[in-house]
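Below: one structure, written as structure tokens.
In the working numbering, the protein residues as written are 339 to 638.
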């Protein structure tokens, strides 16, 4: 990215400086009118946040995607399992890296808008990735990965955890060391356990769907996708169980900060397992409809 000739990262307890920073050019997809009252200022506020943190850094919008360093787009629901993500992959309709912010999510078959506060935090976080920042290990830092998951973020707010507002040149305040790691660890231990337990029957059903056989070529292609998704579901579930077990060993040693990280990682892997199971169901349904027709009443 021409705007950042040199980027030295100092997030959380490490220092941060940008040398020879010029302008980061963004091509911004127009936000739907019905969202603008609630979310219309979040990109502007997020760019101002980073410009204040890194003197010399400027963000600018351009009229054409080919002029941009990356593209910003808005989505109505989860993309890639997250409410926001930045990808350097240029295999897309723009031919550019893409920063996507999802402003809503489905829960219990109902679509919900995220809060404007969360949308701003996730936009700040993803812009951080866009200018080269990795994730931070400090839970009070804007680049801490919890911000990518709305449930985790809501839980952290309820726990009294606040996203850091310290400048990049200043060290974090002492609040970072006052986190009640034991309580947070216990909360994620419960969340992880419940999520993993709920997956036992789901993974068995998914295996049955993924092993279905059809003669239609399109159906076979969909089932190959389902089988790939099942492989990932098993992989993610195995990782969820492994991280949960590792967390337990840290609990025994009363190392609650590490156990929190492991339990959270376990919970996140379990959520990825759920996402892959949902993909299996989708591919199987499509394969079934290709084989028998959309109006078929035959049981799955």
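Even glycine gets a Cβ: it sits at the ideal position worked out from N, Cα and C.
Span separating the alpha-carbon of residue 597 from that of residue 590: 9 Å
Selection from 406, 574 and 401 that minimises the alpha carbon distance to residue 537: 574
Of the residues 569, 377 and 429, the one placed nearest residue 454, counting alpha carbons only: 377
Span separating the alpha-carbon of residue 476 from that of residue 408: 27 Å
For residue 450: DSSP bridge partner residues: 443
Spatial distance of residue 375 from residue 458 (CA atoms): 14 Å
Member of 566, 411 and 531 whose CA lies at the smallest distance from the CA of residue 600: 531
Ordered list of beta strand (DSSP E) runs contained in the region 361-405, each at least 3 residues: 361-366 and 396-399
Three-state secondary structure (DSSP) of residue 560: helix
For residue 627, the three-state DSSP class (helix, strand or coil): helix
Beta-carbon proximity list for residue 512, same chain, < 8 Å, skipping 5 on both sides: Any answer about residue 512 is weak, because its pLDDT of 37 lies below 50 and its placement is not dependable; what the coordinates show is given next. Same-chain partners within the cutoff: there are none.
C-beta atoms of residue 571 and residue 619 nearer than 8 Å: no
Residue 437 (DSSP reduced to helix, strand or coil): strand
CA nearest to the CA of residue 580, picked from 368, 558 and 603: 603
Best match in 592, 387, 402 and 545 for proximity to residue 518 [C-alpha to C-alpha]: 592
Within 8 Å, strictly: CB atoms of residue 557 and residue 628: yes
DSSP-derived helix/strand/coil call for residue 551: coil
Span separating the alpha-carbon of residue 456 from that of residue 552: 44 Å
Beta carbon of residue 430 nearer than 8 Å to that of residue 442: no
Stretch pair the region 364-374 + the region 392-412: three plus CB contacts closer than 8 Å: yes
Between the CA atoms of residue 554 and residue 632 - distance to the nearest angstrom: 14 Å
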